[in-house]
Amino acid sequence: MQKSLVSLTWVFVAILGAICLGVLALHKGESINTLWLVVASACIYSIGYRFYSHFIAYRVLKLDDNRATPACIRNDGKDFVPTDKAITFGHHFAAIAGAGPLVGPILAAQMGYLPSILWILIGSVLGGCVHDFVVLFASIRRDGKSLGEMIKLEMGQFVGMIASLGILGIMLIIIAILAMVVVKALAHSPWGFFTIAMTIPIAILMGLYMRFFRPHKILEVSVIGFILLIIAIYAGKYISLDPKLASIFTFDASSLAWMIMGYGFVASILPVWFLLAPRDYLSTFLKIGVIGVLVVAIVFVAPPLQIPKITPFVDGSGPVFAGSVFPFLFITVA
Numbered sequence: 001m002q003k004s005l006v007s008l009t010w011v012f013v014a015i016l017g018a019i020c021l022g023v024l025a026l027h028k029g030e031s032i033n034t035l036w037l038v039v040a041s042a043c044i045y046s047i048g049y050r051f052y053s054h055f056i057a058y059r060v061l062k063l064d065d066n067r068a069t070p071a072c073i074r075n076d077g078k079d080f081v082p083t084d085k086a087i088t089f090g091h092h093f094a095a096i097a098g099a100g101p102l103v104g105p106i107l108a109a110q111m112g113y114l115p116s117i118l119w120i121l122i123g124s125v126l127g128g129c130v131h132d133f134v135v136l137f138a139s140i141r142r143d144g145k146s147l148g149e150m151i152k153l154e155m156g157q158f159v160g161m162i163a164s165l166g167i168l169g170i171m172l173i174i175i176a177i178l179a180m181v182v183v184k185a186l187a188h189s190p191w192g193f194f195t196i197a198m199t200i201p202i203a204i205l206m207g208l209y210m211r212f213f214r215p216h217k218i219l220e221v222s223v224i225g226f227i228l229l230i231i232a233i234y235a236g237k238y239i240s241l242d243p244k245l246a247s248i249f250t251f252d253a254s255s256l257a258w259m260i261m262g263y264g265f266v267a268s269i270l271p272v273w274f275l276l277a278p279r280d281y282l283s284t285f286l287k288i289g290v291i292g293v294l295v296v297a298i299v300f301v302a303p304p305l306q307i308p309k310i311t312p313f314v315d316g317s318g319p320v321f322a323g324s325v326f327p328f329l330f331i332t333v334a
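Following UniProt numbering from start to finish, the sequence shown increments by one per residue and tops out at 334.
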């Protein structure tokens with residue numbers, strides 16, 4: 001009886017998602033209720049996580065919970081550190097959910113909402129999520145090696161070197177673009193800069209707390225980090241209103257660019273438990289919190305999305321960037 005009820009629930013979710021996606025695809029007009037988008041996304045992601053990810057994990061990759069990870073085997077206290085699954089999730093979530101997934105759909109909106117929605121939903125479930133999952137799996141099975149090192153092992157030294165150079169070039173371009181977005185957002189913004197800057201000492205405190213004072217007490221450190229983060233956000237308002245304090249936390253784009261590069265260098269050489277992992281986990285509170293608030297607001301307010309499903313700019317004549325829907329949609333929303 002219980003199994004039948006669960007099956008019927010998933011059938012209902014699938015039908016509901018199909019109906020909402022159909023409404024988004026077939027709707028005619030300049031506006032559409034945003035609730036259709038939220039429900040379609042929730043249904044598709046739920047089904048993808050429950051069924052497709054399970055298929056990939058246990059039928060294709062054949063995950064084994066009894067295998068020790070490189071963090072447990074090597075455990076050097078720096079790059080390889082056994083970490084609670086909640087912290088690990090936050091670490092990877094914050095690394096993936098950066099400025100790119102926010103900026104890309106905004107730029108691609110000149111083509112209409114439908115191309116971006118279809119690519120985000122279908123592309124992430126069938127492509128992006130699978131790609132990241134498989135790469136993480138392969139790295140864990142190969143002693144935590146990077147993608148370039150794995151290519152060397154599988155295809156030889158020369159091919160691995162070429163691939164590593166290509167990966168480095170792609171990463172430099174991506175990081176430069178995302179850093180530009182962050183710099184423009186924080187330039188001459190004492191409130192924003194103060195809040196972001198305060199996440200560093202808060203994260204260090206969380207890292208030390210979990211490492212030396214209260215290991216495995218994730219709930220405690222989560223509450224502490226969340227409270228301090230809210231205080232930092234709230235205090236940023238008063239920092240920005242005080243002329244003297246605001247001047248201390250106000251920087252131009254050039255200074256911020258150097259700061260970001262300096263932070264990236266320092267964070268990369270410090271032990272992962274000291275700054276990177278706890279700061280990413282802390283950032284996840286803010287990111288998931290914003291997503292949650294937006295979803296709740298859309299459910300209760302149900303605002304209209306004021307944009308047609310497809311615009312004439314799919315031919316590449318858009319005002320934001322010159323590029324047709326293929327291939328620029330897949331490059332912009334990446």
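Glycine included, C-beta positions come from ideal geometry on N, C-alpha and C.
Excluding sequence positions up to five before and after F80, its CB lies within less than 6 Å of the CB of P70, A71 and R74, all in the same chain and listed in chain order. For K287, the uninterrupted alpha helix (DSSP H) run begins and ends at L276 to V301, by DSSP. Taking C-beta atoms under 8 Å as the contact rule, G112 and K237 fail to qualify, at a distance of about 37 Å. Inside the segment 172–239, DSSP marks whole alpha helix (DSSP H) runs of 4 or more residues at positions 190–208, from first to last along the chain. With fewer than 16 neighbouring CB atoms inside 10 Å of its own CB, S247 falls in the exposed class. Rounded to whole angstroms, P215 and V266 show a C-alpha spacing of 25 Å. With a beta-carbon spacing of about 5 Å, H91 and A277 fall inside the 8 Å limit used to define contacts.
In the three-state reduction of the DSSP assignment, L26 falls in the helix class. Sixteen is the threshold: when 16 or more other Cβ atoms of the shown chains lie within 10 Å of the Cβ of L186, as they do, the residue is buried. For P304, the three-state secondary structure derived from DSSP is strand. Note: I122 is not bridge-paired with any residue in the DSSP secondary-structure output. One alpha carbon belongs to Q157, the other to K78, and they sit about 27 Å apart. Rounded to whole angstroms, the separation of the alpha carbons of L26 and L37 is 13 Å. Unbroken alpha helix (DSSP H) stretches of 4 residues or longer found wholly inside the segment 110–172: 113–118, 129–141 and 147–155, given in chain order. In its chain, beyond the 5 residues on either side, Q110, M111 and G112 have a beta carbon closer than 7 Å to the beta carbon of T311.
Taken through DSSP and simplified to helix, strand or coil, I32 comes out as strand. Excluding its 5 nearest sequence neighbours in each direction, F137 has C-beta neighbours in its own chain below 8 Å: L61 and L63, listed in chain order.
Taking a contact as a CB-CB distance under 8 Å, the pair G104 and T284 does not count as one, their CB atoms being some 20 Å apart. For Y281, the number of other beta carbons within 10 angstroms of its own is at least 16, and it is reported as buried.
Counting of Cβ neighbours within 10 angstroms places W273 among the buried residues, the total reaching 16 or more. Within its own chain, the residues whose Cβ lies closer than 8 Å to the Cβ of I218, once the five positions on either side in sequence are excluded, are D84, A86, I87 and M210, listed in chain order. DSSP, reduced to helix, strand and coil, places V325 within a helical segment of the structure shown. With 16 or more other Cβ atoms from the protein chains shown falling within 10 Å of its own Cβ, V325 counts as buried. Short of 7 Å from the beta carbon of I233, and not among the five residues preceding or following it, lie these beta carbons of its own chain, in chain order: T195. The shortest C-alpha to C-alpha distance from E30 to any of L305, A334, L329 and P327 is the one to L305. Per DSSP, R50 is not a residue of any alpha helix (DSSP H), being assigned neither H nor E. In this structure, the beta-carbon distance from I202 to G225 falls below 8 Å. Counting along the chain, Y263 sits inside the alpha helix (DSSP H) bounded by residues A253 to I269.
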